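There are 2 protein chains.
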Amino acid sequence: MSPPFIVDGDVSAANSPSPPLIGRLASVYSEVQANRIDQPLPFPSVLGKLFDIVDGPPSSAAGNPAEIAKLFPNLFGQPSAMLVPSDSGAVKVDKKLKIGVVLSGGQAPGGHNVISGLFDYLQDHAKGSTLYGFKGGPAGIMKCKYVELTAQFIYPYRNQGGFDMICSGRDKIETPEQFKQAEETAQKLDLDGLVVIGGDDSNTNACLLAENFRSKNLKTRVIGCPKTIDGDLKCKEVPTSFGFDTACKIYAEMIGNVMVDARSTGKYYHFVRLMGRAASHITLECALQTHPNITIIGEEVAAKKLTLKNVTDYIVDVVIKRSKLGYNYGVILIPEGLIDFIPEVQQLIAELNEILAHDIIDEDGIWKRKLTTQSHHLFDFFPPAIQEQLLLERDPHGNVQVAKIETEKMLIQMVETELEKRKQEGAYNDEFKGQSHFFGYEGRCGLPTNFDSTYCYALGYTAGALLQSGKTGLISSVGNLAAPVEDWTAGGTALTSLMDVERRHGKFKPVIKKAMVELDGAPFKKFSLFRDQWAVENRYISPGPIQFVGPASNVLNHTLLLELGAQA
Amino acid sequence: MSPPFIVDGDVSAANSPSPPLIGRLASVYSEVQANRIDQPLPFPSVLGKLFDIVDGPPSSAAGNPAEIAKLFPNLFGQPSAMLVPSDSGAVKVDKKLKIGVVLSGGQAPGGHNVISGLFDYLQDHAKGSTLYGFKGGPAGIMKCKYVELTAQFIYPYRNQGGFDMICSGRDKIETPEQFKQAEETAQKLDLDGLVVIGGDDSNTNACLLAENFRSKNLKTRVIGCPKTIDGDLKCKEVPTSFGFDTACKIYAEMIGNVMVDARSTGKYYHFVRLMGRAASHITLECALQTHPNITIIGEEVAAKKLTLKNVTDYIVDVVIKRSKLGYNYGVILIPEGLIDFIPEVQQLIAELNEILAHDIIDEDGIWKRKLTTQSHHLFDFFPPAIQEQLLLERDPHGNVQVAKIETEKMLIQMVETELEKRKQEGAYNDEFKGQSHFFGYEGRCGLPTNFDSTYCYALGYTAGALLQSGKTGLISSVGNLAAPVEDWTAGGTALTSLMDVERRHGKFKPVIKKAMVELDGAPFKKFSLFRDQWAVENRYISPGPIQFVGPASNVLNHTLLLELGAQA
């Protein structure tokens with residue numbers, strides 16, 4: 001198929017009098033982008049043959065199985081499904097299907113390949129099927145806003161980053177009215193199935209949708225796919241969420257560059273905040289890839305009940321130790337959600353939300369008397385700019401917007417202040433200069449690595465197989481990822497088996513628990529074994545830019561390899 | 001030679017009881033880094049053979065030749081030198097040389113390869129020569145702090161980013177005492193030559209040093225090499241400074257990622273500030289690589305005498321136009337030095353520096369009465385956070401630190417305010433959300449592209465040839481860069497020919513004029529031809545990560561190609 005786009009800056013060709021093209025069809029492509037489109041991907045051999053689907057034993061839940069069973073009477077206990085090669089190919093290949101697909105939540109590199117894989121499955125095994133892409137996330141389902149995805153439409157998005165093929169959204173299908181709207185769409189489009197590509201919340205939502213459709217005796221089945229750069233949606237059967245690999249490698253490239261700069265310049269401490277609010281997987285992975293002098297892992301801060309003063313002192317102590325060794329520079333990684341992990345900050349913010357809702361913030365600070373002593377001290381410990389942010393930046397519900405706080409700048413100021421104190425005490429006599437960085441949006445929409453491209457394609461292809469064989473309420477599961485791609489396994493895992501309940505507003509709500517950094521897991525253990533060495537020696541690694549061919553083009557991320565036991 | 005480093009995270013091997021290794025020798029390398037070390041580079045064929053050096057006609061100066069002639073009585077008028085193949089090889093190959101090399105100023109990808117090229121020249125053509133690396137920039141020359149660069153020492157830095165082999169510094173050799181120190185070092189080490197790798201200031205300094213050595217009848221010759229990611233050191237014979245290619249490609253990768261994110265999310269305007277304070281070459285090159293909706297070029301702002309209000313209105317008008325087309329997102333590039341280019345801001349800062357030196361800034365703002373009316377208005381036009389920065393951030397001389405102003409955040413606030421006004425007037429009814437980015441340090445120390453690796457190696461190799469043939473006061477010049485590498489030319493250009501004078505403290509000072517973005521040059525002309533289209537259509541290009549092998553690994557930057565007439 002000839003590419004329906006213009007390659008590498010040939011802008012003049014775009015001056016055509018024809019009506020404006022939309023999205024990628026109107027795009028000019030860089031040479032790397034253009035080359036990626038036609039890049040053939042390796043393929044798990046089980047997906048290339050005729051296969052049967054074999055069910056495992058009945059499943060339970062991650063917690064509170066009795067409650068999960070009540071919430072999902074039709075789905076609870078479903079077995080996992082595994083694709084196995086079969087000469088007969090028991091899965092029917094003749095019936096045409098009508099399938100919908102939706103991208104839900106934040107961007108992650110590889111989403112387009114899940115859709116390509118699903119599309120190709122339908123082409124290969126259910127010729128004549130129709131694939132609808134719901135536009136703008138779950139709202140597209142509710143409003144029945146969709147586009148029919150054809151070979152030509154999908155082509156320019158193959159192996160490309162972003163979610164712009166059909167865009168995404170953060171709406172949820174929650175209320176009875178919203179479920180009704182989803183049912184209407186399913187019936188109007190006569191959907192045999194729906195693939196929901198999203199994170200923990202979106203997959204919980206997918207399972208509720210599957211339960212709802214089944215309870216209403218609709219034929220529409222629902223399959224989830226694990227997406228999030230944060231890496232916090234995973235379990236034994238779903239070893240990783242897609243996008244994590246690419247995002248970490250993009251951030252690690254920049255961290256590596258900054259490290260070489262720090263060592264060359266010899267006079268800056270670079271404080272790098274990394275995306276990932278709920279869990280610190282990205283920060284940990286970047287640390288394993290680059291060996292920074294200091295890495296703060298939110299889960300450890302929470303487990304050890306550290307205060308902000310503890311964190312500041314830890315950094316300051318390393319800075320002083322390094323100063324004595326003659327190093328007046330360094331690199332420090334901080335997870336975006338750091339202050340969410342600090343119990344005393346949580347407490348302060350809760351108190352502030354309460355006070356700000358009812359009281360006036362007087363300039364003389366009389367309002368502060370309403371804070372508990374501990375929170376009062378903590379508030380005063382914050383640099384003025386952060387105090388201001390705490391008081392002024394509010395979300396539409398009037399709550400303090402923790403996400404807006406530039407933690408890296410805050411820590412620089414706190415470290416400065418503490419070092420000044422130590423200087424007075426004669427414990428330090430260098431000049432400390434901090435440089436702040438936040439790497440966030442840069443990593444969400446990069447060109448997917450070979451791993452993410454291949455993994456996503458397999459996830460989408462598998463989702464098609466699960467739908468065709470009548471499965472619902474499963475999450476597409478591609479495993480054995482440390483092995484060569486041809487030996488990867490493919491199947492589906494009961495979404496209810498990942499669930500626990502949380503009590504909200506007096507009711508049990510099902511949730512897929514976020515996978516946090518495990519302090520006794522292999523990645524954290526490796527990090528904690530070496531961090532003291534990395535602190536004082538400079539064992540920086542600069543991973544360099546992601547390569548698509550040649551050396552390093554097929555290196556997996558450390559977290560995945562360590563969790564699979566494939567790296568010591 | 002076997003690599004004296006540990007590859008890719010094999011940290012345990014570093015737990016040896018031996019004394020700590022220093023710098024790269026103690027480093028663990030990523031797979032990409034390790035692979036780059038042994039990467040063979042293409043080589044201009046003229047450097048691979050025996051050659052003669054042929055002089056051109058006498059040179060003049062970029063401006064005020066009479067004054068330059070007075071300032072450089074020994075060097076003025078020197079011809080350019082060109083390497084030409086020769087069967088006899090008139091350049092002597094037997095005499096051992098003692099050569100010093102220094103890195104001066106900010107990091108730029110490729111510096112290590114200039115040193116490798118120089119070292120290899122000496123190995124190939126003056127076996128037994130000694131190469132000294134002065135540590136920490138020109139201060140290393142003055143203090144005679146150096147390291148002897150051996151094959152083993154240099155090896156792990158080949159094709160690697162950063163300046164950490166010998167580090168850099170920003171000192172200048174200016175006073176008679178400092179020149180004396182440099183002479184003493186040259187004599188102590190019995191230097192036949194010195195290679196100064198730096199930007200416009202450093203090359204001016206190199207020429208003064210060459211003049212001084214010659215006037216004192218020292219044998220030490222001085223050759224410069226054109227380094228700066230900012231791209232503002234170039235002329236006909238020196239088509240580009242090294243590092244510009246790599247830095248722009250690193251920034252463009254991230255801009256491309258942010259563009260795809262903007263289009264996928266559909267709700268943010270990303271304001272990206274890019275390094276490059278004096279000239280806007282980086283911003284222009286990134287625009288040509290990625291096609292942002294809005295690009296501000298400082299030189300144009302200055303030429304058209306635009307005010308900050310003009311710039312704000314330009315952005316606001318595009319935002320409104322896009323809103324009407326249904327696009328509530330976009331990407332905007334801003335050069336780091338933007339506000340330096342705005343005459344009214346220059347004026348305000350001059351007045352502020354004067355006032356802050358003598359007056360107290362009272363809270364009631366009575367001090368503001370000392371401002372001219374125009375400056376007073378401008379000050380009030382700034383968002384409060386910027387007002388604070390203008391008053392509080394001072395350099396050691398008490399001057400306002402313009403470089404510390406986060407222009408991208410300032411513009412977001414100004415655009416927000418203006419859009420709010422337009423909303424009141426009924427001209428706009430979208431919700432504007434800005435996201436700010438600053439890409440700086442991330443680009444200075446990346447792994448050099450194939451172009452920068454090759455170009456730098458040739459610059460260093462050529463510098464060796466110029467020194468050996470007795471040349472001084474030249475800048476190493478490698479040309480014909482749009483042709484295949486084997487056809488590149490090599491030679492040297494009289495540094496005095498790049499110079500003009502500036503009047504400072506009643507004296508003429510020689511300066512190599514910074515090469516600014518030419519508004520009638522091919523790169524700006526191409527940009528201005530397309531920017532209106534890029535503003536309203538979304539013709540984003542995502543260049544993707546730098547590739548070292550395979551597709552796009554040998555693409556040159558647009559600025560260079562356009563300036564060489566090699567791209568329409």
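Line order of the protein sequences matches chains A and B.
Position 242 of the first sequence, counting from 1, maps to 242 under full-length UniProt numbering, and the rest follow consecutively.
Position 560 of the second sequence, counting from 1, maps to 560 under full-length UniProt numbering, and the rest follow consecutively.
Backbone N, C-alpha and C fix where the C-beta goes; we use that ideal spot for every residue, glycine too.
All of these numbers come straight from a predicted model, not from anything done at the bench.
Would you mind telling me which residues of chain B sit closer than 9 Å to residue i, beta carbon to beta carbon, in chain order?
i	result
T417/A	Near T417/A there are no residues of chain B at all, since even the closest Cβ is about 16 Å away, more than 9 Å.
Given residue i, which residues of its chain have a CB within under 6 Å of its CB, disregarding the five upstream and five downstream residues?
i	result
N557/A	D245, C248 and E285
C207/A	G473 and L495
A515/B	D232 and K234
G56/B	P79 and S80
Y461/B	L47, G117 and Y121
residue 589/B	Beyond the ends of chain B as shown, which are 1 and 568, falls residue 589/B; an answer cannot be given.
Against residue i, what residues of chain A qualify as contacts under a CB-to-CB distance less than 9 Å, listed in chain order?
i	result
L118/B	Those do not exist, as L118/B stays about 19 Å from chain A at its closest Cβ, beyond 9 Å.
Q107/B	V260, D261, S264 and T265
Listing by chain order, which chain A residues have their CB less than 8 Å from the CB of residue i?
i	result
N35/B	G550, P551 and A552
D271/B	One point to set straight first is that residue 271/B is Phe, not Asp, in the sequence displayed. Those within 8 Å of F271/B in chain A number zero; the least Cβ separation is about 12 Å.
Looking at C-alpha atoms only, which residue of the options is the closest neighbour of residue i?
i	options	result
residue 626/B	K49/B, Q107/B and I315/B	In the structure as shown, chain B starts at 1 and stops at 568, and residue 626/B therefore has no counterpart that could be examined.
W488/B	Q187/B, L459/B and V101/B	L459/B
V331/B	G48/B, E537/B and D52/B	E537/B
G77/A	A515/A, L474/A and R504/A	L474/A
S486/B	G48/B, L529/B and P239/B	Just to set this straight, residue 486/B is Glu in the shown sequence, not Ser. It is G48/B whose Cα lies nearest to the Cα of E486/B.
L481/A	A494/A, T493/A and T454/A	T454/A
V32/B	L325/A, P551/A, I355/A and C144/A	P551/A
N203/B	M516/B, L519/B and S476/B	S476/B
D201/B	L97/B, D500/B, D38/B and V258/B	D500/B
L498/A	L233/A, A490/A and I512/A	I512/A
T290/A	S553/A, P545/A and L390/A	P545/A
Can you pull the chain A residues whose beta carbon is under 7 Å from the beta carbon of residue i, in chain order?
i	result
M254/B	E442
E31/B	P551, A552 and V555
F163/B	S264
V260/B	G161, G162, D164 and C445
P543/B	S30 and V32
Q547/B	V32, Q547 and F548
For residue i, which residues from the same chain have a beta carbon less than 7 Å from its beta carbon, with the 5 sequence-adjacent residues on both sides left out?
i	result
I339/A	V345, V402, I405 and T407
R36/A	N159, Q160, L447 and F548
A61/A	I68, T496, S497, M499 and D500
S16/A	Confidence in S16/A is poor, its pLDDT being 37 and thus under 50, which makes the residue's placement unreliable; the coordinate value appears in the next sentence. Closer than 7 Å at Cβ, skipping near neighbours: no residue.
M254/B	F439
Could you give the C-beta distance for residue i and residue j, rounded to a whole number, given that I count them as a contact under 8 Å?
i	j	result
L194/B	G100/B	5 Å
V316/A	I294/A	Their Cβ separation, rounded to whole angstroms, is 10 Å, which puts V316/A and I294/A out of contact at 8 Å.
G162/B	R263/A	7 Å
Y327/A	Y269/A	Not a contact, Cβ separation roughly 10 Å.
F177/A	G479/A	Contrary to the premise, residue 177/A reads as Glu rather than Phe in this sequence. With 8 Å as the limit, E177/A and G479/A do not qualify as a contact, their Cβ atoms being about 38 Å apart.
For residue i, I'd like the list of residues in its chain whose CB is within less than 8 Å of its CB, leaving aside the five on either flank, ordered along the chain.
i	result
R503/B	K509
K135/A	K145, Y146, V147, I166 and C167
V11/B	Reliability fails at V11/B, whose pLDDT of 37 lies under 50, so the model's placement of it is uncertain and no value is given.
I22/B	Confidence at I22/B is low in this model, with a pLDDT of 47, below 50, so the placement of that residue should be treated as unreliable; the coordinate-derived value is given next. Hits under 8 Å: none found.
D171/B	G137, P138, A139 and M142
Mind listing the chain B neighbours of residue i? Cutoff is C-beta to C-beta under 8 Å, in chain order.
i	result
S168/A	S264 and T265
Legend entry - Uninterrupted alpha helix (DSSP H) stretches inside the region 188–239 of chain A (no shorter than 4 residues): 200–215
Legend entry - Complete alpha helix (DSSP H) runs within the region 350–422 of chain A (minimum length 4 residues, chain order): 373–381 and 384–392
Legend entry - Uninterrupted beta strand (DSSP E) stretches inside the region 75–104 of chain B (no shorter than 3 residues): 81–85 and 98–104
Legend entry - 4-residue-minimum alpha helix (DSSP H) runs that sit fully inside the region 267–303 of chain A, ordered along the chain: 281–290 and 298–303
Legend entry - Proximal residues, the region 420–445 of chain B versus chain C, C-beta separation under 8 Å: This model lacks chain C altogether; the protein chains it does include are A and B.
Legend entry - Inside the region 414–467 of chain A only - alpha helix (DSSP H) runs reaching at least 4 residues: 441–444
Legend entry - Entirely enclosed alpha helix (DSSP H) segments - the region 125–169 of chain B, minimum 4 residues: 138–142 and 151–154
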